[in-house]
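**Q** Chains as they are written, first to last, in the working numbering: chain A, -3 to 361; chain B, 8 to 289; chain C, 333 to 618.
My questions all concern the structure below.
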Amino acid sequence: MNEKTVAGASATSVAAEASTRVLLSVRSVAKRFGNNIVLRDISLDVAEGEFLSILGESGSGKTTLLRLIAGFERCDGGEIWMAGERLDPQPPYQRQVNTVFQNYALFPHLSVFDNVAYGLRVKKAPANEIKERVEQVLVMVKMSSFANASPAKISGGQQQRVALARALVNRPKLLLLDEPLSALDANLRRQMQVELKVLQREIGIAFVFVTHDQEEAMTMSDRIALLRAGELEQVATPREIYAQPATAYTAQFIGQTNLLHAQVTAGIAECAGLRWPTSEPDGPGTFSVRPESIVVAVGASSNGSVRFHAKVISRIFQGAAELLQVETATGYRLNVRVPGAKTVASGLELEFAASDAVPVRETQA
Amino acid sequence: MFSRAYKLAVSLPPLAWVVLFLLTPYLLLLVYSFWSVTPSQQIVHTWGLQNYLELLHVRVYVGVLVRSMRIAASVTMLSLLLALPLAYYVSFHAGKKKDLLYQLVIIPLWVSYLVRAYAWKTILGSDGVLNTLLQYLHVTSHPQGYLLYSPLAVVLTLTHIYTPFAFLPIYAALEHIPRKLVEASYDLGATPSQTFWRVIVPLSIPGVVAGATFSFVLSLGDFLAPLLVGGPSGVMISNIVVSLFGAAYNWPLGAAISACMMVLVVALLFATERLEKKWSFT
Amino acid sequence: MELHMSFNSSRQERAGLSAVHTTLVFAFLYLPIVVLIVYSFNGGGVGGFPPRNLTLDWYRQLAQDTPLWDSVLNSLMVALAAIAISIGLGLPAALALDRVSFPGKALFRRLVLLPLILPGIMTGLSLLMLVVLIGLKLSLITIILGHGTALISVATTEIFAGLQKADRAQEEASLDLGANYWQTFWRVTLPNLKLSIIGAGLLIFTLSMDEIAVSFFLIGRDNTLPLEIWSRLRRGMTPEINAISTVIFLFSLIMIVLWYRLRVRGGEEVADIVAAVPRRLHEHQS
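Dropping the structure here:
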């Protein structure tokens, strides 16, 4: 039976592809530690085979949410369902969910092979089956030659692969990854991001990936769930979340942006001398304009675009692009990203399309 | 980073003291073990292995050594039996009471040895608390004489003294087990029971070995408990040494026994050190 | 580090079982002491059940027991001197172990720990031999010698642990800012080690006050407290000894609470410090 995937409560609704099924359903889940409410009313669905990232700052509750799904914490409210039955009353060792821990948590007294075989041995699988499956998964993570090594003797990146293998060999319905790449250096990280993505596509298991790095989330995910102070800010695909951020927080957290606090009167938004047409209602409104949407004006101005003159205050070289801080005639400062140029005039004629001014909600922390 | 003067100032005094008051005395002990004593109680500096030979041939000495090792072994087993589940409980199940329970285990360690040994003396005697209690409850009709002045009394007393000693390294080892490993084990499908045997126990072995070593070595060389509660049947090797330096006046022989014990203890430590290394993963 | 789980009943069962075991062990550890305390008030003497004629007589007797209090004074003097020697030598020893590589370092480290692990009488006996060789008379001085030597390693271990925890960069910063080694030692190193030194002091004090094995052979005319108690025990058991024991117990209680508060303030894991003793025996790194 095909269903539409429905996303978070207070966030924008996004319909996933019509042919995907819901694997995991988090329904109005809440969690508190003492007087500290870490998660309030979280509702989220994970589709089969999807790569979902839970993105948030430290303290946002993302790891707690993961631990609730894994079974290391109990919900204080709400329910979690998986494949038609209730998951949350079950202890972790009964759930068909496996976790890749942030610091890998490999058993130091067991070899790589024995670590990976652990889950199978515990279920008393026959020895030849264990051998076959472990070897198979070690090939998948490219660690076959390390089967007899001890975890203390292999590098961080290698430990991470073993941790992955150890989880995957059990063929879980869902794989949870708790910031698995955060301990790796930048280059290794990028490499692993690609490998993980490819791996996930190959095996087809749903991955729920927790991270605080928005670039990482954007690179790898089918969908991103942005968590802020225990509530879901927005759940959407990377493209949508970037181009159509629902809230000011989302707009600033993912990528960079200029937030224009404008006053809307009769379909025109006005901020610091800039005006553009909008369908937002009258009153104050916040608009997000990405730095790369502001370009150097060429030719005649068109109807839907906003043109203005600005002085360049500072430049930051970023390789392929250059980030300029400019100041308008009214003294308003904006960030503008232009393709890398050797020389930039001190005064520029800039423009952006009205459609690039995305209205966003302000949310309280 | 540190100047030569600093390094000298910092290493020389302790080194000098240790050489003078630790190394030299131990060497003296060794030297004495090769000397002998005349019937008129004079120590003669004739070098030879006579003391060691005497140790091997005189049945009393071997017998007492064997008994001492048996007592030490019993104490070790009992204290491990008591300390291991205790350490497990305090480390993994105690929750908010963890600190308090830990302190409660440590407190007896700080209370005088003499006091604790004396306590057992008053409890186990014929007129002691235990006997009179049992008679009061009509469980027995007359005092159980074997309770005091026996190897049993020594074992009980020493177990009481050394269980907290055994507890400490076991507890430290258990505390060092990252809790994430337990979570990972659950995550992979192992029940708490399976996790206990497959993860917790293997990782606690170095602590258990250290605790056992402590108990064994310290019990083996103990001389106070046998004197207080051991009686003639509970004499241990250290008591023999003490008497050889006292009434039985044969310093060289006493030194020889001490030297043997030192070798034994050092060998034991060496062996358990390798064992601990082999099983040390965290 | 407690697991926030209360899932299935078998885990709770096992927790329950080990809770029972724990209670029994605590009973074993404490009942003898409780008996001792109770019987220090027993009018009927050392044994006999049930205790009757509760009285403070034994404490009164204790208060008037001059020889005993003399021995307490002796013990105090010895303990304080032992602290001075142990820390006076243990501090540089710890610094040396931490920072200097010298020939025989591994031997030194093991040698220093021997008195802790070998039967005390051996250390006492060997020191006796040295004393006889030198021709020194047995007295409180020889006892101080014995205690100080035996307890150096306690100071060394504690202070070494404190050094390992301390931030080396602070000393480098001090040197960088113009202070010389001596000033750095006083202004930076020592304050950082304050907790370790005090902790070591407390521990050494307690161990010295209770020390029998080493003292046994080095005693002259003046007794220390444990040896005084010991000589009375040879003559026979009296409830006055129960009274002394109770007082000693209360005193030890105060000591350990003090020590623990200190440790907790310093953020140390107590088990690690004491359990590190066997580990120190086995460490190979210089």
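Just so you know, even glycine gets a beta-carbon here, dropped at the ideal spot from N, CA and C.
Does the pairing of the region 182 to 190 of chain B with the region 93 to 101 of chain A give three or more beta-carbon distances under 8 Å?
**A** yes
**Q** When Cβ atoms are compared, which residues of the region 102 to 136 of chain A fall closer than 7 Å to chain B?
**A** F103, P104, H105, Y114, G115, V118 and K119
**Q** Please confirm if V206/B has its CB atom under 8 Å from at least one CB of chain A.
**A** Taking the first residue of the second sequence as position 1, residue 206/B is located at position 199. V206/B has a beta carbon lying within less than 8 Å of a beta carbon in chain A.
**Q** Counting only beta-carbon atoms, is N166/A nearer than 8 Å to chain B?
**A** The residue you call residue 166/A lines up with position 170 of the first sequence. In terms of beta-carbon proximity, N166/A lines the interface with chain B, with at least one pair separated by less than 8 Å.
**Q** Got a sec? Which residues, its chain only, sit under 8 Å from Q617/C by beta carbon, not counting five neighbours each side?
**A** Against the third sequence, residue 617/C aligns to sequence position 285. For Q617/C, the predicted structure reports a pLDDT of 32, less than 50, and the residue's modelled location is therefore unreliable. A value from the coordinates is still provided. Within the same chain, Q617/C has no close Cβ partners at all.
**Q** In the DSSP assignment, find the unbroken beta strand (DSSP E) run with F203/A in it and report its ends.
**A** By 1-based counting over the first sequence, the position of residue 203/A is 207. Run containing F203/A: A202 to T207, per the beta strand (DSSP E) assignment.
**Q** Around the Cβ of Y13/B, are there at least 16 other Cβ atoms within 10 angstroms (buried) or fewer (exposed)?
**A** On the second sequence, residue 13/B is found 6 positions in, with the first residue counted as 1. Buried is the call here.
**Q** Answer with yes or no whether the minimum CB distance from E61/B to chain A is below 8 Å.
**A** Taking the first residue of the second sequence as 1, we reach residue 61/B at position 54. Closer than 8 Å: no.
**Q** State the DSSP-derived secondary structure class of S418/C, mapped to helix, strand or coil.
**A** Position 86 of the third sequence, counted from the first residue, corresponds to residue 418/C. S418/C: helix per DSSP, three-state reduction.
**Q** Provide the residue(s) that pair with F283/A in DSSP beta bridges, ordered along the chain.
**A** Counting from 1 along the first sequence, the entry for residue 283/A is found at position 287. F283/A pairs with L256/A and P355/A.
**Q** Tell me the rounded alpha-carbon separation between G478/C and A278/B.
**A** Stepping through the third sequence from its first residue, residue 478/C is reached at position 146. Stepping through the second sequence from its first residue, residue 278/B is reached at position 271. Spanning the two alpha carbons is a distance of roughly 29 Å.
**Q** Drop a sphere of 10 angstroms on the beta-carbon of A428/C, count the other beta-carbons inside from all chains shown, and report buried for 16 or more, exposed for fewer.
**A** For this step, residue 428/C is matched to residue 96 along the third sequence. So A428/C ends up on the buried side.
**Q** Counting contacts by CB-CB distance shorter than 8 Å, is R157/A in contact with chain B?
**A** The residue given as residue 157/A occupies position 161 in the first sequence. Interface annotation, R157/A: not in contact with chain B, CB-CB separation never under 8 Å.
**Q** If you count every other CB in all the chains shown that lies within 10 Å of the CB of E572/C, and 16 or more means buried, which is it?
**A** Residue mapping note: residue 572/C aligns to position 240 of the third sequence, counting from 1. Buried, because 16 or more other Cβ atoms sit within 10 Å of the Cβ of E572/C.
**Q** Would L121/B pass as a contact of I561/C if the rule is Cβ separation under 8 Å?
**A** Translated into positions along the second sequence, residue 121/B becomes position 114. Translated into positions along the third sequence, residue 561/C becomes position 229. Yes, these two residues count as a Cβ contact at 8 Å.
**Q** I want to verify the contact list: residues of chain C whose CB lies under 7 Å from the CB of Y95/B, in sequence order.
**A** The residue you call residue 95/B lines up with position 88 of the second sequence. Here the neighbours are S350.
**Q** Just by C-beta distance, which residues in the region 112 to 137 of chain B are closer than 9 Å to chain C?
**A** V112, I113, I114, P115, L116, W117, V118, S119, Y120, L121, V122, R123, Y125, A126, W127, K128, T129, I130, G132, S133, D134, G135, V136 and L137
**Q** If you draw a straight line from the alpha carbon of D194/B to that of R91/A, how long is it in whole angstroms?
**A** Translated into positions along the second sequence, residue 194/B becomes position 187. Translated into positions along the first sequence, residue 91/A becomes position 95. Roughly 8 Å between the two C-alpha positions.
**Q** Under the three-state reduction of DSSP, which class applies to D542/C: helix, strand or coil?
**A** On the third sequence, residue 542/C is found 210 positions in, with the first residue counted as 1. D542/C: coil per DSSP, three-state reduction.
**Q** Would you call N183/A buried or exposed, if buried means 16 or more other Cβ atoms sit within 10 Å of its Cβ?
**A** On the first sequence, residue 183/A is found 187 positions in, with the first residue counted as 1. N183/A comes out exposed.
**Q** Suppose you measure from the CA of D110/A to the CA of F28/B; what does that come to, to the nearest Å?
**A** The residue labelled residue 110/A in the question sits at position 114 within the first sequence. The residue labelled residue 28/B in the question sits at position 21 within the second sequence. So the alpha carbons of these two residues sit roughly 51 Å apart.
**Q** Within the 8 Å Cβ cut-off, does P610/C reach chain B?
**A** On the third sequence, position 278 is the one that residue 610/C refers to. With a pLDDT of 47 at P610/C, under the threshold of 50, the modelled position of that residue is not reliable, and the figure given next carries that caveat. P610/C counts as touching chain B.
**Q** Applying the 10 Å Cβ sphere with the 16-neighbour rule, what's the burial state of I312/A?
**A** Within the first sequence, residue 312/A is the residue found at index 316, counting from 1. Exposed.
**Q** Of all the options A26/A, S54/A and L51/A, which has the alpha carbon lying nearest to the alpha carbon of D72/A?
**A** Here residue 72/A is taken as the residue at index 76 of the first sequence, counted from 1. Ranking A26/A, S54/A and L51/A by Cα distance to D72/A puts A26/A first.
**Q** Output the boundary residues of the beta strand (DSSP E) element that contains D174/A.
**A** For the purposes of this step, residue 174/A is taken as the residue at position 178 of the first sequence. Counting along the chain, the beta strand (DSSP E) containing D174/A begins and ends at L170 to D174.
**Q** Suppose contacts are defined by Cβ-Cβ distances below 8 Å. Is V308/A in contact with L270/A by that definition?
**A** Mapped onto the first sequence, residue 308/A falls at position 312. Mapped onto the first sequence, residue 270/A falls at position 274. The answer is no: Cβ separation not under 8 Å.
**Q** Assign Q515/C to one of two classes, buried (16 or more other C-beta atoms within 10 Å of its C-beta) or exposed (fewer than that).
**A** In the third sequence, counting from the first residue as 1, residue 515/C sits at position 183. The residue is exposed, with fewer than 16 neighbouring Cβ atoms inside 10 Å.
**Q** With distances taken Cα to Cα, identify the nearest neighbour of M214/A among F249/A, E198/A and S284/A.
**A** The residue given as residue 214/A occupies position 218 in the first sequence. If we check each option's Cα against that of M214/A, F249/A comes out closest.
**Q** Taking Cβ to Cβ, would you say D554/C is nearer than 8 Å to L465/C?
**A** Translated into the one-based positions of the third sequence, residue 554/C becomes position 222. Translated into the one-based positions of the third sequence, residue 465/C becomes position 133. Inclusion of D554/C and L465/C in the CB contact set at 8 Å is not warranted, their separation being larger than that value.
**Q** Determine, using beta carbons only, whether A66/A comes closer than 8 Å to chain B.
**A** Reading the first sequence from its first residue, position 70 is the one you call residue 66/A. Yes, contact with chain B.
**Q** Do I476/C and A414/C count as a contact pair if the criterion is CB distance below 8 Å?
**A** Here residue 414/C refers to the residue found at position 82 of the third sequence. Here residue 476/C refers to the residue found at position 144 of the third sequence. Closer than 8 Å, so yes.
**Q** Can you give me the Cβ contacts of E334/C inside the same chain, cut-off strictly under 8 Å, excluding the 5 residues immediately before and after it?
**A** Here residue 334/C refers to the residue found at position 2 when the third sequence is read from its first residue. With a pLDDT of only 38 at E334/C, under the threshold of 50, the placement of this residue in the model should not be trusted, and no figure is reported.
**Q** I'd like to know whether the C-beta atoms of L255/A and A242/A end up nearer to each other than 8 Å.
**A** Within the first sequence, the letter at position 259 stands for residue 255/A. Within the first sequence, the letter at position 246 stands for residue 242/A. No, the Cβ-Cβ distance between L255/A and A242/A is not below 8 Å.
**Q** Three-state secondary structure (DSSP) at K294/B?
**A** The displayed coordinates of chain B run from 8 to 289. Any statement about residue 294/B would go beyond what the structure contains.
**Q** List, in order along the chain, the chain A residues whose C-beta lies closer than 7 Å to that of D194/B?
**A** Here residue 194/B refers to the residue found at position 187 when the second sequence is read from its first residue. For D194/B, the C-beta contacts it makes with chain A under 7 Å involve A66, P88, N94 and T95, in order along the chain.
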